[in-house]
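Data first, discussion second: the structure below is written as structure tokens.
Residue numbers (this note's numbering): 1 to 609.
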């Protein structure tokens, strides 16, 4: 199969092989790693020795081993030794291609260290084997798959060049599918649109590769012929084919209570609305500047659209990626941090972070939605490190075992000041208006509720990411944590008691963009349900929001099941500060105003300490 696209990657890999460099190819499945290598090897006439990496690949299977029967007959002589793929490639001037490098056991990878450095290996009883001129190791790995994988050690990584492959653009993917299937352009267009949309949907942790588009086209073509339909009348047939071709390839985000089929149905509704004709081959908004690369949008609720907001790929708040020109207008130092398309200069970013942490954090959050795919991926990787590090530096655990705290239960001594703050003026005061104070040193469950409505952009996203990482890092045997986000609907980012690595949680927060209305009551009820199963003495909610609700019930009507409600108000305006302090008082908690990203950790510590 011909390689389509990947010009830059092809050039880098070609030169690396010409200069006898060892290379690791990184990228999700279906980005053409194997095809690219085989194509280059065929051009130069080099043999490729293929090895499937897995937990069963022992050093003996990689290097080779003595045949027991031959040893019994002839002893430990070279003729009794059967070369494994490593020695086969070393003796034959070939390329050793290791797939799934991060699935290979560490003791097997350690065998490669001397080979990569010295070009030789010492085999017990056989002696030293030197690699012939032209031997290179090419490895491939999917860094986004966390199941059955391990981190590749620095000793190996330091001895290899790294080429990162991402998904190709829509034109290239259509060309690939056409080459494989020879199908009509309208079928190819629809399949590629659906597949690319799975990579951008916020409820999917992993989308489909172009292989899914190939299978979708072939299944759809066959079903249409079997049912005697044309594409325009076969929308349900498209649905059946999409379920079969894509549902096993996509992975739903942990904590999202939806099936892959339900998400695919929603994507089909966005790409091909039920009352519209199928997309035309020329109808490709994905590659236009400022347009989305998939139907991950959510349209705000309004007077004529109550309740959870409907996704709409044309909604700029959710789905619109940001072109370089717009990023340059928004951030003064953008051209220093990203001098060329696809580049992110970490040195320049570090300098900006040292001098202006807020500007750096806001830019990094916005780069996470850049139209430039490579820049966007680099920003996500950097954000995971930077925001977690800010959370570590900015937080500290408080000392002491027992202290007086306010709560909304009917035990303890009456806290007159907080009760008067909450009192509506009616006599006698309602039970929910009474605030008491008790000694505490017991187990708590805390839920961070992140406002993902229209104001969540730039620095607001950065503050949310640092807060989420701080909540996860604060968890211990006395504090169980969870994280949810909300706008028109609530999304569970980390279930209670099922920790998510802080880097992964930051990645999920950076992917959020402001959309929908602010339904605080629905968010608080969801947090209460999240905390309800916890066997603890106190249930705490930390609400990261400006507390200016625009939909649903008044938030103070949704405090049932919450012992204390704290508020982290990011970038507060005067109305937001007043609303935050009032709601925190109603919830027997405190309000902290957060104006910079470095204030987030200490503010969170004061609330949870």
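For glycine and all other residues, C-beta sits at the position ideal for the given N, C-alpha and C.
Check                                                                                                                                                                          : Outcome
Select from 66, 166, 200, 80 the residue whose C-alpha is nearest the C-alpha of residue 8.                                                                                    : 166
Hey, how far is the Cα of residue 575 from the Cα of residue 544?                                                                                                              : 15 Å
Apply the 10 Å Cβ neighbour rule to residue 33 and answer buried if 16 or more other Cβ atoms are within range, or exposed otherwise.                                          : buried
So for residue 619, helix, strand or coil by DSSP?                                                                                                                             : Because residue 619 is not part of the residues shown, which for the chain are 1 to 609, the question remains open.
Between residue 503 and the rest of its own chain, which residues show a CB-CB distance below 6 Å, the 5 nearest in sequence each way excluded?                                : 384, 388
Which residue marks the beginning of the beta strand (DSSP E) containing residue 618, and which one marks its end?                                                             : Because the chain is modelled from 1 through 609, residue 618 falls outside the range shown and cannot be assessed.
Cα separation between residue 558 and residue 462?                                                                                                                             : 28 Å
Would you mind working out which of 505, 478, 548 sits nearest residue 487, comparing C-alpha positions?                                                                       : 548
Taking 8 Å as the cut-off, decide whether the C-beta atoms of residue 183 and residue 208 are in contact.                                                                      : no
Considering only their Cβ atoms, is the gap separating residue 391 from residue 466 smaller than 8 Å?                                                                          : yes
Name the residue from 343, 277, 197, 337 whose alpha carbon lies nearest to the alpha carbon of residue 351.                                                                   : 337
Could you round the C-beta distance between residue 446 and residue 540 to whole angstroms and report it? I think they count as a contact, below 8 Å.                          : 4 Å
Residue 116 and residue 72 - do their beta-carbons sit closer together than 8 Å?                                                                                               : no
Considering only their Cβ atoms, is the gap separating residue 217 from residue 188 smaller than 8 Å?                                                                          : yes
Looking only at C-alpha atoms, which of 112, 80, 137 sits nearest to residue 125?                                                                                              : 80
Excluding the five sequence neighbours on either side, which residues of its own chain have a C-beta within less than 6 Å of the C-beta of residue 249, listed in chain order? : 208, 212
Rounded to whole angstroms, what is the Cα-Cα separation between residue 61 and residue 113?                                                                                   : 17 Å
Mapping DSSP to helix, strand and coil, what is residue 67?                                                                                                                    : coil
Look up residue 476 in the DSSP assignment and give the residues it is bridged to.                                                                                             : 479
Any heavy atom of the ligand ZN inside 7 Å of the beta-carbon of residue 217?                                                                                                  : The ligand content of the structure shown is nil, which means the ligand ZN is not present either.
Please tell me whether residue 499 and residue 527 are closer than 8 Å, where the distance is taken between their beta carbons.                                                : no
Under 8 Å by Cβ, that's how I've got residue 40 and residue 10 pegged, so tell me the actual separation to the nearest angstrom.                                               : 7 Å
Please confirm if the region 88 to 97 is in contact with the region 128 to 139, defined as three or more CB-CB distances below 8 Å between the two stretches.                  : yes
For residue 312 and residue 262, I'd like the C-alpha separation in whole angstroms.                                                                                           : Confidence at residue 312 is low in this model, with a pLDDT of 34, below 50, so its placement is unreliable and the value that follows should be read with caution. Roughly 16 Å separates the two Cα atoms.
For residue 353, which residues of its own chain have a beta-carbon under 8 Å away from its beta-carbon, when the five flanking residues on both sides are left out?           : 360, 361, 386
Return helix, strand or coil for residue 334, following the three-state DSSP convention.                                                                                       : helix
So is residue 535 buried or exposed if we call it buried at 16+ other beta carbons inside 10 Å?                                                                                : exposed
For residue 329, count neighbouring Cβ atoms within 10 angstroms of its own Cβ and tell me buried if that reaches 16, exposed if not.                                          : exposed
Quick one: is residue 355 buried, meaning 16 or more other Cβ sit within 10 Å of its Cβ, or exposed?                                                                           : exposed
Quick one: grab the DSSP three-state call for residue 83.                                                                                                                      : strand
Just tell me which of 50, 573, 190, 24 has its CA closest to the CA of residue 241.                                                                                            : 190
Do residue 567 and residue 580 have their beta-carbon atoms positioned less than 8 Å apart in this structure?                                                                  : yes
Which of the three DSSP states, helix, strand or coil, is assigned to residue 56?                                                                                              : coil
At least one CB of chain D closer than 8 Å to the CB of residue 357: is that the case?                                                                                         : No chain D appears in the structure shown, which is made up of a single protein chain.
Does the distance from the CB of residue 380 to the CB of residue 510 come in under 8 Å?                                                                                       : yes
Which runs of the alpha helix (DSSP H) at least 4 residues long sit entirely within the region 16 to 55? Give them in chain order.                                             : 33 to 44
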